[in-house]
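Input: a single structure, listed below in structure tokens.
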Amino acid sequence: MSGPDRAGPRVRLETRAFWRVRASASVTRWVLYATAAVGIIATARLAIAPPRPPAARPAPVAVPDTGAEGFATLFARRYMTWSAASPTAHADGLTAFVNAATDPDLGLGQPARGSQRVVWAGIVQAGIGGPGDHLYTVALDTGAAVLTYLSVDVVRAADGALRLGRYPALVGPPATTPATALDGGGVGAVSDPSLSAVVGRGLRNYLAGSRANLAADLSPGTVVSPPPEALEVDQIEQLRVERDGDVLATLVAHDADGTSFTLTYELDVVRSAGRWLIAAIQTDPRT
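Take a look at the structure:
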């Protein structure tokens, strides 16, 4: 039906210049090209240099502090030594470590009978709790069937003074793994007969304490420290060379009482004037 109040659908025609249509299409096309190029570059970057997780922060390393080590060892010895026959001796031994007016025994309640004495003590583990804060594990031999392990916190103040950081703690030993095989190490057998001869002769003289004879096989300036008790070499079982050229020698030797030992020594060796010389045997006594 048609009428003055019923308007039908209308179509509107709009004219645009052809160059504008081409320009609009060109812009769209270049935008698509640019987007694709960015995607290709990003993909290539990921393939060539993939993102890496942030490197783990290395664990703090405990700097050796001889004074703090001695402080911890002495405290552990005195803390674990007591006698019911002399109940005040324990507190007397701790006067350098704790305020006698507040906690003379540092929380240790002594039994009514018996005694305990530390035969041997040594630090077996060291860590840090903060600047100037050392945490030591001290192994103690009290004559019992097992060792006692005491964790001791030692703080070195800004003025250099040492003090306990907190109460000690009874802990277990550091984690260990039994060796499955001791093959002497190294990367290969010593193949030079002259080197084998010098190493064998040098070790025999070293263990026998024959310094004059040993000197003939030492490089100039070399200092060695033979064991105080002489040993006689029964057999050199293995000579192996390490990656850095050092020699590992495994041998069997016995002492004056007939006790037999299987030992491995590391020797620094150098070639000089056509012959092999020994520059070190296992340790450097000057360091």
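Each residue of the sequence shown is one higher than the one before, starting from 86 at the first, in our numbering. Here a beta-carbon is modelled for each residue, glycine too, at the ideal position from N, C-alpha and C. All of these numbers come straight from a predicted model, not from anything done at the bench.
| Item | Value |
| --- | --- |
| DSSP bridge partner residues for residue 354 (one or two, in chain order) | 363 |
| Between the CA atoms of residue 330 and residue 344 - distance to the nearest angstrom | 32 Å |
| For residue 208 and residue 157, believed in contact at Cβ under 8 Å, the rounded distance | 7 Å |
| Contact under 7 Å by Cβ, residue 232 with residue 224 | yes |
| Beta-carbon spacing of residue 237, residue 160 below 7 Å | yes |
| Pair within 7 Å by beta-carbon distance, residue 275 and residue 324 | yes |
| Selection from 317, 302, 370 and 319 that minimises the alpha carbon distance to residue 64 | The structure shown does not extend to residue 64, since the chain spans only 86 to 372, so no value can be given for it. |
| Residue 283 (DSSP reduced to helix, strand or coil) | helix |
| For residue 150 and residue 199, the rounded distance between their alpha carbons | 36 Å |
| Buried versus exposed, by CB contacts within 10 Å (16 or more), residue 361 | buried |
| Same chain only: Cβ atoms within 7 Å of residue 196, ignoring 5 sequence neighbours per side | 169 |
| Straight-line gap, residue 259 to residue 220 (C-alpha atoms, nearest Å) | 13 Å |
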